[in-house]
Amino acid sequence: MDELIDKLKKEIIAQLNLEDISAGDINPDAPLFGEGLGLDSIDALELIVLLEKNYGIKIEDPKDGKKIFYSIRTMAEFITEHQKKA
Amino acid sequence: MDNQITAYTYIGEGKVVVNKRLIFYQEKIATFAEFIRALYKQEQVSYPKFYKMDSLSKLGFISAELLLRNENPGRFKPGSLAVVLANSSSSLDTDLAHQDSIRNRSAYFPSPSVFVYTLANIVIGEICIRNGLKGENAFLVSEKFNPAQLQEYVSDLLDNGYAEACICGWVEILGNNFKAVMALVEKEGSGAVLKKEFAPLPFTEASLNDLMNVN
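Line order of the protein sequences matches chains E and P. Following the working numbering, the numbering of the first sequence begins with 1192 at its first residue and continues without gaps. Following the working numbering, the numbering of the second sequence begins with 15 at its first residue and continues without gaps.
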């Protein structure tokens, strides 16, 4: 899980152009939106694209997004769970 | 009262000039991205969203930052500072990046953050968000720099009371070819804090042409 969390941090930094932030600055349990990294709605769409592009995961129900993208850890848990099912 | 240019910025050919003063110079420019990042760092601008902007917005945003650095936008009535910009490539630089992301059907991953910049006037939005501006705005696209059109459009806004002042200019980029010239235009005697190093210029076609060739 820790390995996946580190990988996700790097991918998010690259995908969202968070140039002044390093992986070490990101708390995996901090909220991604509102506070924490302070991401916006366009970033949310980028995260959906990231999941599909890098992990082949499509989010079927948009309502699940809030839970999945709460933090880096919830994203990693969702990916792990999805990979087990596949 | 006549309209006058009370401040300007020039970015082009590796040089950045603000009110006649050279503040940044890179003899060899590898890429626009490197150039603009170095300028952003040198000028200690703190605005994380900058990194998420497309090249056109980065260029316009930095120009406006330098133009308004010593200004107090609060001296203008709410909604009275207009923004009128122009260029020749519109948002083509970003349009091409978007096209590249959808070219391959088997790897079809359009980026939402690229797509939202596929309109030239988004650069005006970025400037307005940063500075809390809610005045008139327009983005004009013409094959070549057209000072007569810009002068006429902005003068109309000021002379007919649609704006007290206007940020106007040329913000052009395609690949690593870029140039930005921005001027703050306002009525003579409007309370502008005049800079010692720069006497206001009359807002004329000739002045705009001079600023384009300040190099």
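The C-beta atom is built at its ideal place from N, Cα and C for all residues, glycine as well.
query, result
"Does the segment 95-115 of chain P come close enough to the segment 165-172 of chain P that 3 or more CB-CB pairs lie under 8 Å?", "yes"
"Consult DSSP for R1264/E and reduce its assignment to one of helix, strand or coil.", "helix"
"Quick one: which unbroken beta strand (DSSP E) runs of 3-plus residues sit fully inside the segment 118-188 of chain P? Chain order, please.", "151-155, 179-188"
"Could you run through the segment 1206-1219 of chain E and flag, in chain order, every residue whose CB is less than 9 Å away from some CB of chain P?", "Q1206, L1207, N1208, L1209, E1210, D1211, I1212"
"Along the beta strand (DSSP E) that carries I37/P, what are the first and last residues, could you check?", "35-39"
"Applying the 10 Å Cβ sphere with the 16-neighbour rule, what's the burial state of D1234/E?", "buried"
"E186/P and F192/P - do their beta-carbons sit closer together than 8 Å?", "yes"
"What first and last residue would you give for the alpha helix (DSSP H) that runs through E1237/E?", "1232-1246"
"Would you list the one or two residues that DSSP bridges to N101/P?", "V155/P"
"Any Cβ of chain P within less than 8 Å of the Cβ of I1250/E?", "no"
"Helix, strand or coil for L70/P per DSSP?", "helix"
"Taking K66/P as the reference, give the member of G28/P, L53/P, G26/P, Y131/P with the closest Cα.", "Y131/P"
"Does the beta carbon of L1236/E sit closer than 8 Å to a beta carbon anywhere in chain P?", "yes"
"Along chain E, which residues have their Cβ under 8 Å away from the Cβ of P214/P?", "The contacting residues do not exist; P214/P stays about 37 Å from chain E at best."
"State buried or exposed for F123/P, treating a residue as buried only when at least 16 other CB atoms are found within 10 Å of its CB.", "exposed"
"Return the first residue and the last residue of the beta strand (DSSP E) that T23/P is part of.", "17-26"
"Can Y22/P and M226/P be called in contact, C-beta distance under 8 Å?", "no"
"Among F75/P, K34/P, F38/P, which one has its Cα closest to the Cα of N145/P?", "F75/P"
"Which bits of chain E does V31/P rub up against, with CB to CB less than 9 Å?", "Neighbours of V31/P on chain E: none; closest Cβ ~26 Å, over 9 Å."
"Going by DSSP, which residues form a beta bridge with V32/P?", "T23/P, R35/P"
"Kindly give me the distance between the Cβ atoms of I37/P and K72/P, rounded to whole angstroms, as I take these residues to be in contact under 8 Å.", "At roughly 17 Å, the Cβ-Cβ gap does not stay under 8 Å, so I37/P and K72/P are not in contact."
"Could you please give me the residues that DSSP links to N86/P through a beta bridge?", "N86/P is not bridged to any residue."
"Could you please give me the residues that DSSP links to M196/P through a beta bridge?", "T23/P, G183/P"
"Could you please tell me which residues of the segment 1238-1268 of chain E, in chain order, have their CB closer than 8 Å to any CB of chain P?", "V1240, E1243, K1244"
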